[in-house]
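Everything below concerns the one structure shown next.
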Amino acid sequence: MATRNVLAFDFGASSGRAILGRFDGDKITLQETHRFANEPVQAQGRLQWDVLRLLHETRQGLAKSYAAAPYASFSIDTWGVDYGLLDARGRLLENPVHYRDGRTAHAIEEVCARIPRQALYARTGTQLINFNTLFQLTVAQNEQPQLLALADRLLFMPDLLAYFLTGEKYSEFSIASTSQLLSPGALQWNTGLLAQLGLPSRLLGPLVDAGARLGALTDETCELCGIPPAEYIACCAHDTASAVAAVPQPQGEALYISSGTWSLMGVERRTPLLTAPAAQANVTNEGGYGRSIRLLKNIAGLWLLQECRRQWRKEGQDLSFADMAQAALAAPAFARIIDPDDPCFMAPGNMPARIADYCSRHGMTPPQTIGETLRCVYESLAARYALTLGTLQELTGSRYPAIHIVGGGCQDRVLSQWTADACSLPVICGPVEATATGNLMVQLIALGELADLSQGREMVARSFAPVTYAPHPSSQWDEALARLAALQP
Ligand code: ADP
Ligand code: LRH
């Protein structure tokens, strides 16, 4: 069979990349044709995404990839919840605001004064995290009513970038499902909820499933890039949904951690779980490929390591990932445990100082060295995964034979081994570029090269050799879990 080429753009909160996939009918091979930093910009008191820079980099990726090999189609996935607003002429009204901006710090309390927490959860199936689009919009409505009055359409980040390139305005299901603006598990805006909160439903346009074929590059982009009009196919436009699609699990019963800036730990289901214990645990029911449900928990993830690394670089110490792992291994074990999900770690800033401060406030000796700080973060993350495993098992009534870790973070051997140890389960790592692989796979299904998701997952299993970590449980991990469980925010 002739090779079929498709192109994925995957934007994480720390970097973006263009990845060309070559499918030979059996396996897929990946070529990274373009990678760029995704650095937010603080301006006028707001943390914002540099969306035009991202558009520019996307065009670079389109051109460079075409030079590597002509592709039949392309697609875009990004992080969740953030959006841009367009006016009636389709012009972007303001730079999209970063979900880590502090403007939504009290948004949950304000909305829940009108709609009780449990009712909001039952009506949306979405975890209550202050950065959800719903909360961002209620803050915008309070602070900038004139902006919302001018706005005609809201597009989530991947749909916005696709619109810049194709001129078509759609909202893909998985990315829309991160917003808290959908009815649970449905391809349907929750207009009743919007009306109750005084938010304009006219902002919300047509919803489509992943796999929809949505037009082609505009003449403007073709001319700028010097390429012919490639087709745009919606992938699972939420990066986590694309990553979960690429978890090599033939029966779809695996427990996964999508490990990048965030660690998203969960399982795939057919229906949303909206029980009181699910609401209490604040797990989310996000949309996946084929209208599946990703029942998962957001865990702060490698963000803490990224921010520590950024701070040390500022101070003149440029550490590689291997240096960081070495330093952690050399530090004393289980000296301190932090809650990686504590709100004090959410905003960008001096993370080592915040970790030290957290330790002091919770009666622990602050870490003195880089190695001690890193050991604390690694052990705390692994312990958080283990507690989350327990929560997911309780909620679903299932036991899981192994944990699949996918994404950039699965290259971290120390974290992978300690996750296996803390969870007392084998950890199966890979693919590293799961998000791009899931993005490419959905395009291949839409193009008729693969029959369905299970064929796609078989292709993933054939294409990427996994790395497995056997667990070495110990009573020290049990104690660490108990210490983490006892920490109060
Ligand atoms: P996102 O898409 O959310 O920005 P990625 O999936 O690209 O994140 O993962 C980025 C993270 O993966 C980095 O912050 C780092 O912690 C981890 N990582 C990347 N490369 C390596 C490596 N070679 N060794 C260990 N960890 C790595
Ligand atoms: C991971 C992610 C996650 C969202 C967060 C905003 O990149 O998409 O699933 O909760 O970013």
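Residue numbers (the UniProt record's numbering): 1 to 489.
Glycine included, every Cβ here is placed at the ideal spot set by N, Cα and C.
Keep in mind the model is a prediction, meaning the values are calculated, not measured.
ASP412 is the residue among ARG269, GLY266, ASP412, LEU207 whose C-alpha sits nearest the C-alpha of LEU305.
Bridge partners of GLU268 according to DSSP: ARG294. In this structure, the alpha-carbon of THR218 lies about 28 Å from that of THR240. In the DSSP assignment, THR78 falls within the beta strand (DSSP E) that extends over 73-78. Partner residues in the beta bridge of ASP10, as assigned by DSSP, are ARG17, ASP77. Looking at the backbone, the Cα of ALA382 and that of LEU147 are separated by about 43 Å. Using a cutoff of 8 Å, the CB of THR126 does not count as near the ligand LRH, since none of the ligand's heavy atoms is closer than that. Distance from the CA of MET265 to the CA of GLY397, rounded to the nearest whole angstrom, comes to 16 Å. Looking at SER183, LEU302, ALA480, the one whose alpha-carbon comes closest to that of ARG291 is SER183. Nearest C-alpha to LEU447 among CYS410, TYR66, CYS235: CYS235.
ILE370 sits close to GLN317, with the two beta carbons spaced by under 9 Å. Closest in alpha carbon position to GLY456, among ARG91, ALA2, VAL414, ASP26, is ASP26. By the beta-carbon neighbour count (other beta carbons within 10 angstroms, threshold 16), GLN180 is buried. Going down the chain, each residue whose beta-carbon is closer than 6 Å to a heavy atom of the ligand ADP shows up: GLY12, ALA13, SER14, SER15, GLY260, THR261, LEU302, LEU305, GLN306, PHE321, GLY407, GLY408, GLY409, GLN411, ASP412.
Residue ranges of uninterrupted beta strand (DSSP E) with 3 or more members, entirely inside the segment 403-467 and ordered along the chain, are 403-406, 427-429. Distance from the CA of ARG270 to the CA of TYR163, rounded to the nearest whole angstrom, comes to 30 Å. PHE36 sits in a strand when the DSSP states are folded into three classes. Under the three-state reduction of DSSP, HIS238 is assigned to strand. Every alpha helix (DSSP H) stretch that sits fully inside the segment 125-183 and reaches 4 residues is listed by chain position as 133-143, 145-150, 157-166, 173-176. The secondary-structure analysis by DSSP pairs THR29 across a beta bridge with ARG22. Annotation for LEU415: TYR378 place their beta carbon closer than 6 Å to its own, counting only its chain and skipping 5 residues before and after. 9 Å or more divides the Cβ of HIS98 from the Cβ of SER174. For SER242, the number of other beta carbons within 10 angstroms of its own is at least 16, and it is reported as buried. Counting only residues of its own chain and dropping the five nearest sequence neighbours on each side, ALA278 has a CB closer than 6 Å to the CB of LEU395.
GLY211 is positioned such that its CB atom lies no closer than 9 Å to that of VAL467.
Here the C-alpha atom of GLY407 lies approximately 26 Å from the C-alpha atom of GLY84. The Cβ atoms of GLU168 and TYR232 sit closer than 9 Å to each other. In the structure shown, TRP189 adopts extended strand secondary structure according to DSSP, grouped into three states. In this structure, the beta-carbon distance from GLY288 to ALA335 does not fall below 9 Å. A contact is defined here as three or more CB-CB pairs under 8 Å, and the segment 44-59 fails this definition with respect to the segment 111-130.
In the three-state reduction of the DSSP assignment, GLU94 falls in the coil class. DSSP places THR391 in the helix class (H, G or I) of the three-state scheme.
By the Cβ neighbour-count rule, GLU253 is exposed, with fewer than 16 other Cβ atoms within 10 Å of its own.
Checking the 8 Å criterion, the Cβ of VAL81 is within range of a heavy atom belonging to the ligand LRH. THR261 is positioned such that its CB atom lies no closer than 9 Å to that of ALA105.
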